[in-house]
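Each remark here refers to the structure printed beneath this line.
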């Protein structure tokens, strides 16, 4: 049974991240993130937006969540107050569990324009105060599957596809795939029943089952939880990122990278941040 596309949104106006780059925040924990929890935020930095070599993002405070960074162009150094420091190259992924809290920053390396996507994943209440943990998934470690009939390729970052397991360790069941579709080809992707999914089209042009309009670059596709497969057909060579997860039926009270379960917990988190409990860069 095919899942329905229940909405497609255009990229909102770009916002500046320090003096590093500009990007688009498609949704956060105050909006769509409540519905598709545990995926509570997604933002994207397009190479069409200027990035500055040596430029740094503002320091971002994170608690109660994981931040996943998929780098598809350029080079970025990510560092945080828990002592993690990694340099991401094209195709690399950082899967950072903020847990009890840390402060994170990105610095652009070199002069090539940056393209990256951030996905914020909510942690269940019992894991929100877990110690911070970092996974640096190098591109060569991420398995790639050839889609049937030469339709393209699919990289399994987390979860599973056609027997290939992604290297990311996740707290809950989650699929995160990077997909390249060839012009004129279709891919029928199996997704678990009862899971929502979101797909971000990085570039190209495609159609999805039950959606009457073409879907183009920097558009976000929201896919219903009913059904167990989605059919995508590329009108042009198309790159996209697809993420789906087992629903987390918990209350969400969030503010940017602070993702808690109640207003009281969020208020206490602000006090902890002011008291220096998240450390320093």
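In full-length UniProt numbering, the protein residues as written are 1 to 281. A virtual CB, placed ideally from N, CA and C, is assigned to each residue, including glycine.
Taking residue i and residue j to be in contact with their CB atoms under 8 Å, please state how far apart those CB atoms are, rounded to whole angstroms.
i: residue 258; j: residue 64; result: 7 Å
i: residue 72; j: residue 90; result: 7 Å
i: residue 28; j: residue 14; result: Not a contact, Cβ separation roughly 15 Å.
Return helix, strand or coil for residue i, following the three-state DSSP convention.
i: residue 33; result: helix
i: residue 127; result: helix
i: residue 272; result: helix
i: residue 53; result: coil
i: residue 112; result: coil
i: residue 266; result: helix
i: residue 150; result: helix
i: residue 141; result: helix
i: residue 2; result: strand
i: residue 180; result: strand
i: residue 280; result: coil
Considering only the alpha carbon of each residue, which of the options lies closest to residue i?
i: residue 99; options: 53, 207, 126, 77; result: 126
i: residue 254; options: 243, 247, 268; result: 268
i: residue 180; options: 52, 205, 261; result: 205
i: residue 132; options: 197, 4, 62; result: 62
i: residue 118; options: 264, 163, 277, 202; result: 202
i: residue 104; options: 129, 92, 67; result: 67
i: residue 178; options: 150, 214, 238, 271; result: 238
i: residue 157; options: 163, 151, 168; result: 168
Between the beta-carbon of residue i and the beta-carbon of residue j, is there less than 7 Å?
i: residue 165; j: residue 245; result: no
i: residue 18; j: residue 57; result: yes
i: residue 171; j: residue 161; result: no
i: residue 38; j: residue 240; result: no
i: residue 123; j: residue 187; result: no
Starting from the C-beta of residue i, find all residues in its chain whose C-beta is less than 6 Å away, skip the five residues before and the five after it, and write them out in chain order.
i: residue 3; result: 223, 224, 227, 230
Near residue i, what residues of its chain come up, given a Cβ to Cβ distance below 8 Å and the 5 sequence neighbours on each side ignored?
i: residue 214; result: 205, 206, 207, 235
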